[in-house]
Amino acid sequence: MCKQCVMSLSHYCGDPDLPEAVQRYFQCQLSCGFRSVPEAFMDTVKIYKQIRPGTPDWLVPKKVAEILNPNLVL
Numbered sequence: 012m013c014k015q016c017v018m019s020l021s022h023y024c025g026d027p028d029l030p031e032a033v034q035r036y037f038q039c040q041l042s043c044g045f046r047s048v049p050e051a052f053m054d055t056v057k058i059y060k061q062i063r064p065g066t067p068d069w070l071v072p073k074k075v076a077e078i079l080n081p082n083l084v085l
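12 is the number of the first residue of the sequence shown in our numbering; add one for each residue after it.
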């Protein structure tokens, strides 16, 4: 994980900013070139779980997918 990606999360201030922070982190992972799309997605899932520890493990990938693609119906 690059410093730029960590800094993209440092501006996270609360729940209203969560979708924007998750999208920014995912895009940063891809633009840095260190991750493929599946790796960036799984890393974003891990970060989401750290931000929202109360979310059940089985629901975290669904929430991240919905944030990254709002038109997706799961």
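Glycine included, C-beta positions come from ideal geometry on N, C-alpha and C.
Selected residue, minimal CA-CA separation from residue i, among the options
i: Pro-72; options: Gln-38, Gln-34, Lys-60 and Cys-39; result: Lys-60
i: Asp-54; options: Asn-80, Gln-40 and Leu-29; result: Gln-40
i: Trp-69; options: Glu-50, Lys-57 and Asn-80; result: Lys-57
i: Gly-44; options: Pro-81, Val-84 and Cys-16; result: Cys-16
Spatial distance of residue i from residue j (CA atoms)
i: Val-75; j: Thr-66; result: 11 Å
i: Glu-35; j: Leu-79; result: Here the sequence assigns Arg to residue 35, which means Glu is not the residue at that position. Going from the Cα of Arg-35 to the Cα of Leu-79 covers about 10 Å.
i: Asp-28; j: Ile-62; result: 12 Å
i: Phe-52; j: Asn-82; result: 17 Å
i: Val-84; j: Ser-42; result: 26 Å
i: Val-48; j: Ala-32; result: 17 Å
i: Pro-64; j: Pro-30; result: 16 Å
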